[in-house]
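Residue numbers (the working numbering): 1 to 196. Don't be surprised by glycine CBs; every beta carbon is placed ideally from N, CA and C. These notes are about the structure you will find just below.
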């Protein structure tokens, strides 16, 4: 158990699941290793690395049923805390955060757990395309999202853009679920709002 997670209202089963995947520094801040870099979480700050990959969950890819790709480790903990009743078998889950340079397990069910803001929605598309090994380029100009995908160009207003909207316009289904917090931009803020 970690006092920060307990104060945030993270269920004990979720704390037990994530406990092997972080360390603490001398003053009790949580450290999540992404290879050579680390995510640092304390109540006064939250620093997320730009390189590397963090993993939590079953290392046996034959047993994994669900892969969640998240913005960072604290988002993964927050998401599972708020949705743990939907996943009764934690030993079948794998959470990833950071760069997608690893070989993703084939034929698994993927879910994207990114922020609700425009950057999170763009990341949904970029990661979904990477999982399916399809090139995509995305740019923002003013209030529009410009996408080049499968030799076609698409322009969608920012306020309407989502992976689902893009799938309808492009007529290509990625078959990847996306999860967004209901009342906040990120899952950590949703967890704080739920428990404070």
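Query: With residue 116 and residue 180 assumed to form a contact (beta carbons below 8 Å), what rounded beta-carbon distance in angstroms separates them?; Result: 5 Å
Query: Closest to residue 77 by CA distance: which of 109, 88, 53, 11 is it?; Result: 11
Query: To the nearest angstrom, how far is it from the Cα of residue 118 to the Cα of residue 156?; Result: 12 Å
Query: For residue 136, tell me which candidate among 46, 153, 142 has the shortest Cα-Cα distance.; Result: 153
Query: For residue 29 and residue 46, I'd like the C-alpha separation in whole angstroms.; Result: 10 Å
Query: Using a threshold of 8 Å, state whether the C-beta atoms of residue 75 and residue 52 are closer than that.; Result: no
Query: Distance, Cα to Cα, residue 140 vs residue 59?; Result: 37 Å
Query: Assign residue 151 to buried or exposed, taking buried as 16 or more other Cβ atoms, counted over all protein chains shown, within 10 Å of its Cβ.; Result: exposed
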